[in-house]
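Undergrad: My questions will all concern the structure given below.
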Amino acid sequence: MLTRLKTQVPLFSMNSYTKLREKLKLSGLSLASTHSHVIRLGRHSRHNSKMAVCIAVIAKENYPLFIRSVPVQNELKFHYTVHTSLDVVEEKISAVGKAMADQRELYLGLLYPTEDYKVYGYVTNSKVKFVIVVDSSNTSLRDNEIRSMFRKLHNSFTDVMCNPFYNPGDTIQSKAFDSIVSAMMVQAS
Amino acid sequence: MSIPDYMQCAEDHQTVLVVVQPVGIVPEDEFFRIYKRITSVAQVSIRDSQRNLYIRYRHHYLPENNEWGDFQTHRKVVGLISVTTCGSAKEWPQTSDRFHCQKDVFGATLYDSRLLVFGLQGEIAEQQRTDVAFYPSYDDCPDVEKRVEDFVESIFIVLESKRLDRATDKSGDKIPLLCVPFEKKDFVGLDTDSRHYKKRCQGRMRKHVGDLCLQAGMLQDALVHYHMAVELLRSVNDFLWLGAALEGLCSASVIFHYPGGTAGKASGREPSLAHGQGQAADAGKRHRPGALTANGISADTSSEIGRAKNCLGPEDIIEKYKEAISYYGKYKNAGVIELEACVKAVRVLAIQKRAMEASEFLQNAVYINLGQLSEEEKIQRYSILSELYHLIGFHRKSAFFKRVAAMQCVAPTIPEPGWRACYKLLLETLSGYSLCLDPKDFSKGSHRGWAAVQVRLLHELVYASRRMGNPGLSVRHLSFLLQTMLDLLSDQEKKEVTQSLENYTSKCPGGMEVLTLPDGLKLPPVPLSKLPIVRSVKLLDLPVSLRPHKQKGLLENNMSSKSPFIYSPIIMHTRGEERTKKIEFRWVQGDVCEVQLMVYNPMPFELRVEHMGLLTSGVEFEALPAALSLPAESGLYPVTLVGVPRTAGNINISGYHTSVFGVTSDCLLDGLPSVRTSGCVVEVIPSLPRLQLSTSLPRSAHPLRPSKEELSSSVSVQLFNGETQQLTITLENIGSEDLETLEVTSKTCNTKEKLFGEFLSWDLEEAVSQLPLKPGQSVTLTVNVKVRLDFSGGENLLQDLNDDGISVTGLPISSPLRQVLKPRAETKPLGSESSKTDYNHVKTLEAVMTFKYSGGAGKMEGYYRDLSLGVHVDVEPSVFFTRVSTLPATRTRQCHLLLDVFNSTEHELMVSANNNQDLVLHPSECQRMAIQVAKFDFHTLPQPDQEAVRYTNPKLLEEERLHAQASMISSTLGSLSVSLSLSLSLCSSSLDVVVNGKPCDCDIIADCKVGDAVPLEVKLTNRSKNAVGPFALTVVPFQDYQNGVQNYDLQDAVTFIGSNTFYIDMVKPTENSACMGALLFLYTGDFYLNIKFQDDSAGQGKELPPSWFGLPSVHIKALEAPIEAGA
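These protein sequences, in sequence, are chains A and B. Each residue of the first sequence is one higher than the one before, starting from 1 at the first, in full-length UniProt numbering. Each residue of the second sequence is one higher than the one before, starting from 1 at the first, in full-length UniProt numbering.
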């Protein structure tokens, strides 16, 4: 699985901006693998080649900073899905001891599978949570791809935070961030 | 077996199932009372064996489930207790029959049964029967518990015997195949002699014995049997029973590891019961080793090593549960078993605090398909999932399932939606969505929660409560939604929410009372403090005229009582804080007080706020509510709320009251941190009277120039210089208190102009005599407005009219036209138009009259009120005295005042002096008028104005032989009266000459007779402030021939009797000194007396000018002596 790593650590030019970014991200680029906890997979086999159906960014205080889902008409369903996934996120974070918090991997792996979706989580060191919901029929999507999606998301989020006109805690309205998210939600190659 | 028992937990495996059921007609509450008493016997310690028997009671149990009793013996109904009412002996057989019918339902599995008969007395009841107990009534059954215990013991005996029967390894006997209901047909026609079949039989029996051991309180035996069963069953791939054996193993291990039980309180068991269980479990654990030694059936179970080995560790328990569940999963018909196993495993994991794994089990449980579930079952299932998620700390997930359960209650497929249940369940989800229905918590915390789902939940609560038929709740929830989620709602949503809120409030207006739900949950009131949003609260002072002032003396008293120190930094510190809260000014009881709020409307439509009033504490306060309408998304908008304090004391403005969309709310400022306020506590002083002032003059349009102090009202009037106008001021007491004191003062504000005389004068006596003034009464005060201004433009010198060298100093009544008039063309009509404008400027005079009044309770406290009236007078020039001089009159005591009077007005006017004819002056005409005025003693004048000061200079006194002092000349111009003051005074010392007893003056001729001695008295009166003298006074007679010749050589004609020279000693001020002498005229004729003074003080005789003394010339006419006298 590790051999299928596609995304490389991006090369940063040594200007101050990227240094700041790096500082914020800290160990965000560690690539240790985790095993996902899948109890039951693929009870229904629907074919859907979308990468992600819902992407959410959740503040430290557990309210959404950003949420976007592909079937727009049923957004509330994803609200519930993401909201309930926070239970697992919290459990996973608290499971890692305080002392280990520094070495904690940001990627949390599969949070829980529902009948139709799989929910993946990622928590930054500042306790901002990223949640990606993918269609559970999309078996082609590997753990590493999910990871790289989170990494991209984190990079883009860091950019948003670096924007001096952004108030931390406000909902994200950045176009750049939006386009990154949109890219993750379109057809996979 | 279709209905799972979600309440099951691992330790239920060691219980025996007893069904308690009513037979015939038993009142429900009575039944449950008895049921409760029965269930209190949950654990029975068996006397001889030191073992415990645990009993699980059910009042409802499906016979269908009973059929699984061989699979897991705790599912088997082994005991039946029937409760029945039997009124008479006649009914007894029937009742007995029914009991037997009921027994038959569970007949196959029952070990024993009991019937509790209530109400039957008499013969039948006397019988001693083991299976029937008779009680006279439901209230009179003291030994129910004892009976139940006996019953349980009898069950134990059967159980123990069965266990022993099965446990003994009778290898020779054929072991029957135990099977679950759905398996039965599978085994038809199978070769019963095969090894495989035998092993299966053995394995299943082992498992069964394990169950029995566990129930009988022999944990270690049970573990051993389970282990053996697992091995046997694994070898024959009997997965269902393998699963059951594994689960049994897990249960036994759980019971060993967690004697406190895994059900916890969340399972809904009564706390007292759980407590009892806990104790019992402890006791059980203590006794367990004993239990091992007490039985010697299986030798290999008695060793300690074996026990440790057989019992699963906490990790293993979960692994085995997983395995068991996966085996169960292979059978569609064992769904309930699988589900229950999941639930049990979750409870164990919850105890182990392994939430993640527990959630996996739960996730699995969600997927277990139990076929067609009824709606009720679905609700139950979702609720239990929610409870279990709650148990493992997944509050959001728990809330999610609870919400799903709530929605299931009102699913469209249900003919009678349970809105009440739905609402109740929705309320329970609140905590999971970090929502608290107390708006205070919301405004406080930083926790904002997941708005989208919170809004959704609130909407659902609103809808459910409405369908429940409780619009009050809907209103409360909608208010909460509006209050807390306002920023998150879109404009469209805001509109919808408010519309529905208005709809609901039309049925049930929202208020501030706490709503209590039947289950005890309290819904705190939701004040809509964001509709409108209040930004600042400012208490306003009373209008100037109504502001109370404290009398100074009393104020100091007050201050000193607070602290003995003039300055203390510590006290200052605390007081400083106090001051930030307390406001400087005061309010008055009974007067309308105002508070200004800055509000804005955050809604995208017009907001109508009704009954907006103040909330206060500390003082009885009558708030006068206001209604306002704020435009959509208005900016800050000032709103003034008014009210009347009804008592005195410190009033605290604690908040405000509004009524928006039919929801009345009391918004307390304490709960609104965003509101800026400069303090909310203000002192209310006792009531004071209130005066309204009205004047006879029109109100002034323009305010007074030095508007440092605000005036309650002002009047303006236009006057000619010197004119007097009466201003009638009416003061009406419009308050409710008697007016007791009234003081009037005035202050002239315009100090630039030189003002003569009193500008404003009044007589307060009359007004004061009418006090106290009752409410509604009025008092009038007449004020004379008199203007006397100097229009000379600062130049003080008057054109001297006289050529005779008498220096005249007049009042500054000189005219700016003096230059023009210089050529002394008195009759020349003056004034080109241009020159007229030069002097025709208007001067203004301003003064403030202050009415200080008090009365009522406020006066006791030392407060008073000020009412100020500004008086604005435009003064126009009227008449100028362009030149002034005096001419001596014929009498020494009088003189003529010559005045050139110039009319600067545009009107014809008439000037009249005291005794003169009227002088008519045309506009811009100048004429001279002469007025005879008496000289007077200026020292005796009571210092009329400041002009006199100038002449009190003694040096000037000496140099000016005659000078003017104030005297009134009044002239009239229609109704206009002009006054001018001029002063003419007597000389400093006056000399009175009395001839023949008659005082002499210029015009008086004293008559005397020739040959008679004429007594002459010369009296010197000192009117100056200094002593004068001594003087030598010489009287010289002379004759004036009226042709310029004066004959002093009169020794022949006049003879002095005595000396003609008198010596007058020092005369002190205001005293007089008289010299007496006599004259004898020898011839007839007109004689004059010349009186000369010589200063005798220096020794040398220096003659003093006669004008110093205003010496009268004494004219004496000597007449022929009458003939008859001579005859």
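Heads up, the beta-carbon is just placed ideally off N, CA and C, and yes, glycines get one too.
Using the three-state DSSP reduction, which class does Thr114(A) fall into: helix, strand or coil?
TA: Of the three classes helix, strand and coil, the one that applies to Thr114(A) here is coil, per DSSP.
Undergrad: Residues in its own chain within less than 7 Å of Arg608(B) by CB, not counting five upstream and five downstream?
TA: These residues qualify, in order along the chain: Ser629.
Undergrad: Taking only beta-carbon atoms, is Lys397(B) less than 9 Å away from chain A?
TA: Cβ-Cβ to chain A under 9 Å: yes for Lys397(B).
Undergrad: Thinking C-alpha only, which one of Gly618(B), Asp139(B), Asp238(B) and His872(B) is nearest Ala648(B)?
TA: Here the closest residue by C-alpha is Gly618(B).
Undergrad: How would you list, in chain order, the residues of chain A whose beta-carbon sits under 8 Å from the beta-carbon of Ser359(B)?
TA: By Cβ distance, chain A contributes Asp87, Val88, Glu91 and Tyr112.
Undergrad: Look up Gln1051(B) in the DSSP assignment and say whether it is helix, strand or coil.
TA: Coil, per DSSP.
Undergrad: Given that Thr84(A) touches chain B, what residues does it touch there, using C-beta distances under 7 Å?
TA: Residues of chain B passing the Cβ test: Arg396, Lys397 and Phe400.
Undergrad: Below 9 Å on C-beta distance, what does Ala451(B) contact in chain A?
TA: Correct list: Tyr63 and Pro64.
Undergrad: Any idea if Gly69(B) is buried or exposed, counting beta-carbon neighbours within 10 angstroms, 16 or more meaning buried?
TA: Classification of Gly69(B): buried, given that the 10 Å Cβ count is 16 or more.
Undergrad: Kindly say whether Tyr504(B), judged by its beta-carbon, lies nearer than 9 Å to any beta-carbon of chain A.
TA: Not closer than 9 Å to any Cβ of chain A, the Cβ of Tyr504(B) fails to qualify, so no.
Undergrad: Going along chain A, which residues have a C-beta under 7 Å from Met407(B)?
TA: Correct list: empty, because the minimum Cβ distance to chain A is about 12 Å.
Undergrad: Can you check which of these residues, Ser714(B), Val715(B), Thr748(B) and Phe585(B), is closest to Val684(B) by C-alpha distance?
TA: Closest by alpha carbon: Phe585(B).
Undergrad: Grab me the residues of Leu742(B)'s own chain with a C-beta within less than 7 Å of its C-beta, minus the 5 sequence neighbours each way, in chain order.
TA: Once the five neighbours on either side are set aside, the close Cβ partners of Leu742(B) are Ala767, Val768, Leu771, Phe851 and Tyr853.
Undergrad: Going by DSSP, what residues sit across from Ser474(B) in a beta bridge?
TA: According to DSSP, Ser474(B) bridges with nothing at all.
Undergrad: Please return the same chain residues whose Cβ sits closer than 6 Å to the Cβ of Lys353(B), not counting the five positions on each side in sequence.
TA: No residues qualify anywhere along the chain.
Undergrad: Using C-beta distances below 6 Å, list every residue in its chain close to Val181(A), excluding the 5 sequence neighbours before and after it, in chain order.
TA: Answer for Val181(A): Ile55 and Arg68, listed in chain order.
Undergrad: Using a C-beta to C-beta distance shorter than 9 Å, which residues of chain A count as neighbours of Gln50(B)?
TA: Within chain A, no residue comes near Gln50(B); the closest Cβ sits about 42 Å away, beyond 9 Å.
Undergrad: Among all the DSSP beta bridges, which residues are the ones paired with Lys1009(B)?
TA: Beta-bridge pairing links Lys1009(B) to Leu1119(B).
Undergrad: Find the nearest neighbour of Leu111(A) within the set Val133(A), Tyr80(A) and Ser126(A), judged by alpha-carbon distance.
TA: Leu111(A) has its Cα closest to that of Val133(A), out of Val133(A), Tyr80(A) and Ser126(A).
Undergrad: Quick one, which of Lys60(A), Phe165(A), Asp159(A) and Asp135(A) has its alpha-carbon nearest Val123(A)'s?
TA: That would be Lys60(A), whose Cα lies nearest to the Cα of Val123(A).
Undergrad: Alpha carbon to alpha carbon, what distance is there between Arg37(B) and Val144(B)?
TA: Near 7 Å, if we compare the C-alpha coordinates of Arg37(B) and Val144(B).
Undergrad: To the nearest angstrom, report how far apart Leu1079(B) and Asn1072(B) are at their CA atoms.
TA: Rounded to the nearest angstrom, the two C-alpha atoms are 22 Å apart.
Undergrad: Using a Cβ-Cβ distance under 9 Å, would Arg456(B) count as near chain A?
TA: Chain A, which has a Cβ nearer than 9 Å to the Cβ of Arg456(B), makes this yes.
Undergrad: Alpha carbons only, please: which of Leu486(B), Gly449(B) and Ile55(B) is nearest the one belonging to Val77(B)?
TA: When each option's Cα is compared against that of Val77(B), the closest is Ile55(B).
Undergrad: Could you tell me the boundaries of the alpha helix (DSSP H) in which Asp316(B) lies?
TA: Looking at the DSSP string, the run of the alpha helix (DSSP H) that includes Asp316(B) is Pro314 to Tyr328.
Undergrad: Would Ser386(B) pass as a contact of Ala405(B) if the rule is Cβ separation under 9 Å?
TA: It is a contact, given that the beta carbons lie within the stated cut-off.
Undergrad: Between the C-alpha atoms of Ala964(B) and Asp541(B), what's the straight-line distance to the nearest angstrom?
TA: The predicted model places Ala964(B) with a pLDDT of 32, which falls under 50 and marks its position as unreliable, so this point remains unresolved.
Undergrad: Identify each residue in the stretch 455-474 of chain B for which the Cβ-Cβ distance to at least one residue of chain A is less than 8 Å, and report them in chain order.
TA: Those would be Arg456, in chain order.
Undergrad: Kindly say whether Thr34(A), judged by its beta-carbon, lies nearer than 9 Å to any beta-carbon of chain B.
TA: Low local confidence applies: a pLDDT of 30 at Thr34(A) is under 50, so the model's placement there is unreliable, and no value is given.
Undergrad: How would you call Lys627(B), buried or exposed, if buried means at least 16 neighbouring beta carbons within 10 angstroms?
TA: The question names Lys, but residue 627(B) in the sequence shown is Ala. So Ala627(B) counts as exposed.
Undergrad: Tell me whether the beta-carbon of Val41(B) lies closer than 9 Å to the beta-carbon of Leu159(B).
TA: Against a cut-off of 9 Å, the Cβ pair of Leu159(B) and Val41(B) comes out as no contact.
Undergrad: Between the stretch 70-81 of chain A and chain B, which residues of the former have CB atoms less than 7 Å from a CB of the latter, in chain order?
TA: Residues Leu76, His79 and Tyr80.
Undergrad: Kindly say whether Tyr389(B), judged by its beta-carbon, lies nearer than 9 Å to any beta-carbon of chain A.
TA: So yes, Tyr389(B) belongs to the interface.
Undergrad: Are the C-beta of Ala176(A) and some C-beta of chain B separated by less than 9 Å?
TA: Answer no: the Cβ-Cβ gap between Ala176(A) and chain B never drops below 9 Å.
Undergrad: Report yes or no: is there a C-beta of chain B within less than 9 Å of the C-beta of Glu115(A)?
TA: Chain B contact via Cβ: present.
Undergrad: I'd like to know whether the C-beta of Ile180(A) is nearer than 9 Å to at least one C-beta of chain B.
TA: No, no contact with chain B.
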